[in-house]
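Below you'll find the structure, written out as structure tokens, and then a few comments.
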Amino acid sequence: MVTTLKSAARRPPVPERTRRPRRRGLPRGARRNLSAYGFLCGALICFAVFSWYPIIRQGLLGFQKTNFVGESEWVGLDNFERVTSDPAFGAAWKNTITFTLLALLCGFVLPFVTAIVLNELRHARAYLRFVVYLPVMLPPAVAVLLFKWFYDPGPGLFNQILGAVHLPTLSWLDSTSTALISLVIVATWMNMGSGTLIYLAALQSVQSELYEAAELDGAGLLRRVWHVTIPQTRLILLVMLLLQVVATMQVFVEPYLLTGGGPEDATVSVVYLMYQYAFNFNSYGGGSALGLMLMLVLMVFSAAYLRVTRDDRA
Numbered sequence: 324m325v326t327t328l329k330s331a332a333r334r335p336p337v338p339e340r341t342r343r344p345r346r347r348g349l350p351r352g353a354r355r356n357l358s359a360y361g362f363l364c365g366a367l368i369c370f371a372v373f374s375w376y377p378i379i380r381q382g383l384l385g386f387q388k389t390n391f392v393g394e395s396e397w398v399g400l401d402n403f404e405r406v407t408s409d410p411a412f413g414a415a416w417k418n419t420i421t422f423t424l425l426a427l428l429c430g431f432v433l434p435f436v437t438a439i440v441l442n443e444l445r446h447a448r449a450y451l452r453f454v455v456y457l458p459v460m461l462p463p464a465v466a467v468l469l470f471k472w473f474y475d476p477g478p479g480l481f482n483q484i485l486g487a488v489h490l491p492t493l494s495w496l497d498s499t500s501t502a503l504i505s506l507v508i509v510a511t512w513m514n515m516g517s518g519t520l521i522y523l524a525a526l527q528s529v530q531s532e533l534y535e536a537a538e539l540d541g542a543g544l545l546r547r548v549w550h551v552t553i554p555q556t557r558l559i560l561l562v563m564l565l566l567q568v569v570a571t572m573q574v575f576v577e578p579y580l581l582t583g584g585g586p587e588d589a590t591v592s593v594v595y596l597m598y599q600y601a602f603n604f605n606s607y608g609g610g611s612a613l614g615l616m617l618m619l620v621l622m623v624f625s626a627a628y629l630r631v632t633r634d635d636r637a
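Read in the numbering used here, the sequence shown has 333 at position 10, and its numbers run on one by one without any break.
Structure below.
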């Protein structure tokens, strides 16, 4: 016992444990999610280079005169005055708005009706979904050129069908009364597959008990659609409405490949007129001015849309 106490007394005192200075750097959560931040930075860089920078550059070009060779010259509102005094300016806005309204009647309603029909089917649903979506997989240029042959006044498919049933043939793309409607038909056929699948997914999320209760109350198909389907899919309908308007007001491929804006400026759109100013008239400022006008119109429409529908989104 005494020996143990003496040995313990001879032991040197244990120094107190010194604290290491705390390292300064990224928080632990940030270090843990460093890879996620890296992927986010990549996406932000892509958006900045391919989306935000062109928007800012277009805004500057709208007030400049340049040929991308020499120095740019600030011209104020001269580009806006030039494009607004162009006789094709009013026709372009009129055609764009008319195309948007007609495309909404066809391209917004028809995919929803098709989705309802597919949702009611019990057999071959997967095959029919593929058939409906098939036009979306075609490149837009291929689909438009295919319809250009359909619209041909001589051996075109549509006039052949009209002739087979003893109806007068039409000058689909050469008449001011049918050219714009012909573009709407092409755009609807090319894009309805995406809308149909989105609507179909929304319909399949509706509770089946609601349809069963409506059937027990004696509701037919139309009443079930009006009182169950539309209220339950209101949010997706509103979102698709906004996307349809934004997309159709930027129509370009159809008039560019089918009609070239004719006949008599009957199919010239705002975006097609932008293309003409930039690449045919060598007025990049005029094209940018038109782009700014279109962007402002779409921004005002989007803001009004979000304001009106905020209760439905909540």
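Heads up, the beta-carbon is just placed ideally off N, CA and C, and yes, glycines get one too. Note that the structure is predicted; figures quoted are calculated from it, not measured.
Check: Could you please give me the residues that DSSP links to glutamine 387 through a beta bridge?; Outcome: Trp397
Check: Hey, how far is the Cα of leucine 451 from the Cα of glycine 609?; Outcome: 46 Å
Check: Smallest Cα separation from arginine 547: which of Ile420, Leu561, Asn482 and Glu532?; Outcome: Glu532
Check: Skipping 5 residues on each side, what residues in its chain have a beta carbon closer than 6 Å to that of glutamine 573?; Outcome: Val594
Check: Among Phe412, Gly518 and Pro491, whose alpha-carbon lies nearest the alpha-carbon of phenylalanine 431?; Outcome: Gly518
Check: Could you please give the first and the last residue of the uninterrupted alpha helix (DSSP H) stretch that includes serine 507?; Outcome: Note that residue 507 is valine in the sequence shown, not serine. Note, valine 507: alpha helix (DSSP H), 502-527.
Check: With 16 as the cutoff for other CB atoms within 10 Å, does serine 500 come out buried or exposed?; Outcome: exposed
Check: Below 8 Å on the Cβ atoms is my guess for methionine 515 versus proline 434; work out the distance and round it to an integer in Å.; Outcome: 5 Å
Check: Work out the CA separation of leucine 469 and tryptophan 397 for me, nearest whole Å.; Outcome: 44 Å
Check: By DSSP, does alanine 542 sit in helix, in strand, or in coil?; Outcome: coil
Check: Can you tell me whether alanine 331 is helix, strand or coil according to DSSP?; Outcome: Because alanine 331 carries a pLDDT of 48, less than 50, the predicted location of this residue cannot be relied on, and no value is offered for it.
Check: Can you give the Cα-Cα distance for valine 455 and histidine 446, rounded to whole angstroms?; Outcome: 15 Å
Check: Determine, using beta-carbon pairs with one atom in the stretch 405-419 and one in the stretch 482-491, whether at least three such pairs fall under 8 Å.; Outcome: no
Check: Let me check understanding here. Comparing Cα to Cα, which of Leu566, Phe575, Gly614 and Gly584 lies closest to phenylalanine 624?; Outcome: Leu566
Check: If you count every other CB in all the chains shown that lies within 10 Å of the CB of phenylalanine 386, and 16 or more means buried, which is it?; Outcome: buried
Check: Mind checking isoleucine 368: buried by the 16 CB within 10 Å criterion, or exposed?; Outcome: exposed
Check: Mapping the DSSP letters down to three states, classify glycine 365 as helix, strand or coil.; Outcome: helix
Check: Under the rule that 16 or more other beta-carbon atoms within 10 Å means buried, what is proline 578, buried or exposed?; Outcome: buried
Check: Could you give the DSSP three-state label for glutamate 443: helix, strand or coil?; Outcome: helix
Check: Span of the alpha helix (DSSP H) holding glutamine 530?; Outcome: Neither: glutamine 530 is in no alpha helix (DSSP H) and is coded neither H nor E.
Check: Run through DSSP, which three-state label would proline 578 get?; Outcome: helix
Check: What residue does the alpha helix (DSSP H) around serine 374 start on, and which one ends it?; Outcome: Per DSSP, serine 374 belongs to no alpha helix (DSSP H) and is neither H nor E.
Check: Could you spell out where the alpha helix (DSSP H) holding proline 586 opens and where it closes?; Outcome: Per DSSP, proline 586 belongs to no alpha helix (DSSP H) and is neither H nor E.
Check: Between the alpha carbons of arginine 633 and serine 395, how many angstroms are there, rounded?; Outcome: 43 Å
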